[in-house]
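Heads up: the sequence shown runs through residues 6 to 400, numbered per my numbering.
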Amino acid sequence: MDQMNTYVGIVGAGPAGLFLSLLLAREGIGSIVLECRSREEVETTIRAGVLEQGTMDLMDELGVGERMHREGAVHRGIELRFDGAGHRIDLSGLTDGRAIALYAQHEVLKDLIAANLRDGREIFFGISEVRLSEITSPKPRIQFKRNGEEVTIECAFVAGCDGYHGVTRLAIPASRLTSYSRVYPFGWLGILMEAPPSSDELIYGYHERGFALVSTRNPKLQRMYIQCDAEDDIERWTDEAILEELQRRLVTADGWRLRVGPVTSKTIVAMRSVVTEPMQFGRLFLAGDAAHIVPATGAKGLNLAISDVWHLSRGLARFAKQSSSDLLESYSGHCLRRVWRTEHFSWWMTSMLHRFPDDDAFQQRLRRSQLEYTVRSRAASTSLAENYVGQPFDW
Ligand code: APR
Ligand code: PHB
Numbered sequence: 006m007d008q009m010n011t012y013v014g015i016v017g018a019g020p021a022g023l024f025l026s027l028l029l030a031r032e033g034i035g036s037i038v039l040e041c042r043s044r045e046e047v048e049t050t051i052r053a054g055v056l057e058q059g060t061m062d063l064m065d066e067l068g069v070g071e072r073m074h075r076e077g078a079v080h081r082g083i084e085l086r087f088d089g090a091g092h093r094i095d096l097s098g099l100t101d102g103r104a105i106a107l108y109a110q111h112e113v114l115k116d117l118i119a120a121n122l123r124d125g126r127e128i129f130f131g132i133s134e135v136r137l138s139e140i141t142s143p144k145p146r147i148q149f150k151r152n153g154e155e156v157t158i159e160c161a162f163v164a165g166c167d168g169y170h171g172v173t174r175l176a177i178p179a180s181r182l183t184s185y186s187r188v189y190p191f192g193w194l195g196i197l198m199e200a201p202p203s204s205d206e207l208i209y210g211y212h213e214r215g216f217a218l219v220s221t222r223n224p225k226l227q228r229m230y231i232q233c234d235a236e237d238d239i240e241r242w243t244d245e246a247i248l249e250e251l252q253r254r255l256v257t258a259d260g261w262r263l264r265v266g267p268v269t270s271k272t273i274v275a276m277r278s279v280v281t282e283p284m285q286f287g288r289l290f291l292a293g294d295a296a297h298i299v300p301a302t303g304a305k306g307l308n309l310a311i312s313d314v315w316h317l318s319r320g321l322a323r324f325a326k327q328s329s330s331d332l333l334e335s336y337s338g339h340c341l342r343r344v345w346r347t348e349h350f351s352w353w354m355t356s357m358l359h360r361f362p363d364d365d366a367f368q369q370r371l372r373r374s375q376l377e378y379t380v381r382s383r384a385a386s387t388s389l390a391e392n393y394v395g396q397p398f399d400w
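Structure follows, in structure tokens:
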């Protein structure tokens with residue numbers, strides 16, 4: 006049986022786990038990352054691709070922003086489209102020059118993995134059967150299987166960065182956790198399409214047939230979504246039907262046309278909001294999707310995971326260097342303030358832009374009024390913009 010030691014055992018090589026190992030390394034703190042999937046799978050799974058200004062800045066600070074600047078695109082506005090007309094929200098003009106970057110999550114992960122491995126830090130891919138023990142003692146242990154062998158890591162802290170379906174949260178007694186959630190009565194059907202961009206900026210469209218979103222990956226590959234039934238079977242949707250639906254929902258009075266090409270991928274994602282409180286038990290700290298998830302509207306998941314581990318790295322560094330646990334004790338409270346702000350924003354965008362099965366005429370009038378207010382009032386546009394580009398991590 007193998008036995009290893011490290012200061013922080015990190016479970017999960019998603020955005021939370023990989024950013025955390027880099028942030029800790031910057032503080033001179035050692036960590037080992039454990040991941041059940043293969044490196045190849047982690048580096049190719051398609052997720053969202055919007056980086057808040059703070060995420061971009063942190064990539065630069067950590068020295069992993071070079072490819073993002075070269076291959077990603079900075080966007081300074083988004084469009085809200087409804088009733089056949091588009092309305093630009095000037096993100097930068099309303100937020101003192103802040104912006105977002107369009108750069109796919111798996112590209113971020115490639116950059117983080119490369120940086121960690123280049124600097125000689127351990128990431129164990131393809132491990133299984135992760136179990137935590139002694140998490141209320143000063144020496145928690147992580148056991149797992151690697152190449153069929155049983156391995157034990159003794160550490161000072163465990164970071165649960167293993168996403169919504171992970172195991173670390175289950176190590177906390179259920180009686181100590183409270184979970185708040187909302188399941189939306191629809192899903193998103195997402196496609197990748199080999200075509201030139203149909204728009205210079207993202208388009209969030211509301212139509213009585215449902216929500217539609219035009220996003221992008223690069224000049225040759227586009228990302229689009231339409232609201233679909235939660236129980237929809239992806240096989241029922243032909244490529245032609247998806248493209249036709251996008252065009253119908255995004256129609257404008259002046260004849261806007263979607264630029265089309267071969268569809269190379271299609272999936273349906275569920276839409277949910279969940280928050281688990283608190284985000285800590287003993288020496289186990291939860292971060293990212295392990296503690297909370299947001300619906301995809303606004304693409305906040307990755308950014309929220311990163312603000313969590315930014316707080317966690319500060320708390321761990323303070324403890325390691327000054328033997329003070331104050332920032333670790335306030336970790337959950339600090340994270341949750343920003344988590345709930347983001348939960349509210351994602352829920353609000355989702356509510357404003359989708360058709361709900363129980364909508365009545367009154368509800369639809371209210372939604373239309375909310376959309377008009379958001380694009381016509383500077384105060385309302387500014388509120389959308391500051392949430393969209395992201396609050397500071399220590400908000
Ligand atoms: N053992 C080891 N690794 C695990 C285990 C386990 N038992 N369970 C899950 N993992 C891994 C997953 O394979 C995944 O690579 O943990 C990682 C968790 O990554 P994410 O789900 O991406 O979560 P997080 O890092 O918090 O990032 C949140 O990323 O995937 C998006 O939609 C998500 O935008 C959100 C953001
Ligand atoms: C994406 O590009 O995948 C994306 C963009 C914006 C969103 C959600 C997803 O709100």
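Every residue gets a Cβ at the ideal spot worked out from N, C-alpha and C, and that includes glycine.
A direct Cα-Cα distance of roughly 31 Å separates Trp400 from Ser142. With fewer than 16 other CB atoms across the displayed protein chains lying within 10 angstroms of its CB, Leu175 is exposed. By the Cβ-count criterion, Asp364 is exposed, with fewer than 16 other Cβ atoms from all chains shown falling within 10 Å of its own Cβ. Proximity of the beta carbon of Gly303 to ligand 2 is indicated: a heavy atom of the ligand is located closer than 7 Å. DSSP places Leu341 within a helical segment (H, G or I) once states are collapsed to three. In the structure shown, the three-state DSSP call for Gly98 is helix.
With a cut-off of 7 Å, the C-beta of Val274 is classified as distant from ligand 2, since no heavy atom of the ligand falls inside that distance. Residue environment: Ala246 is assigned as exposed (fewer than 16 neighbouring CB atoms within 10 Å of its CB, all protein chains considered).
Residue pairing by DSSP places Ala275 opposite Gly192 in a beta bridge. Check the Cα spacing between Tyr108 and each of Leu332, His349 and Ala304: the tightest is with Ala304. For the pair Asp294 and Gly171, the Cα-to-Cα distance works out to about 9 Å. For Arg31, the closest of Met64, Gln58 and Cys160 by C-alpha to C-alpha distance is Met64. Boundaries of the alpha helix (DSSP H) around Leu28: Pro20 to Arg31. Here DSSP, grouped into helix, strand and coil, assigns Thr302 to coil. In this structure Leu56 is in contact with Ala106, their Cβ atoms being roughly 4 Å apart against a cut-off of 8 Å. Every beta strand (DSSP E) of 3 residues or more that sits fully in the segment 104-179 is shown, in chain order, as 105-107, 127-129, 133-138, 146-151, 154-159 and 162-165. The straight-line gap separating the alpha-carbon atoms of Asn152 and Thr11 is approximately 20 Å.
Nearest neighbour of Lys225 by Cα position, chosen from Val394, Met73, Thr60 and Gly77, turns out to be Gly77. In this structure, Pro283 is the residue among Pro283, Arg228, Gly168 and Gly17 with its C-alpha nearest to the C-alpha of Ala179. By the C-beta criterion, the segment 91-100 is judged not to be in contact with the segment 339-352, since fewer than 3 inter-stretch pairs fall below 8 Å. Nearest to Gly17 by C-alpha distance, out of Arg181, Trp315 and Val163, is Val163. Excluding its 5 nearest sequence neighbours in each direction, Gln8 has C-beta neighbours in its own chain below 6 Å: Thr157, listed in chain order.
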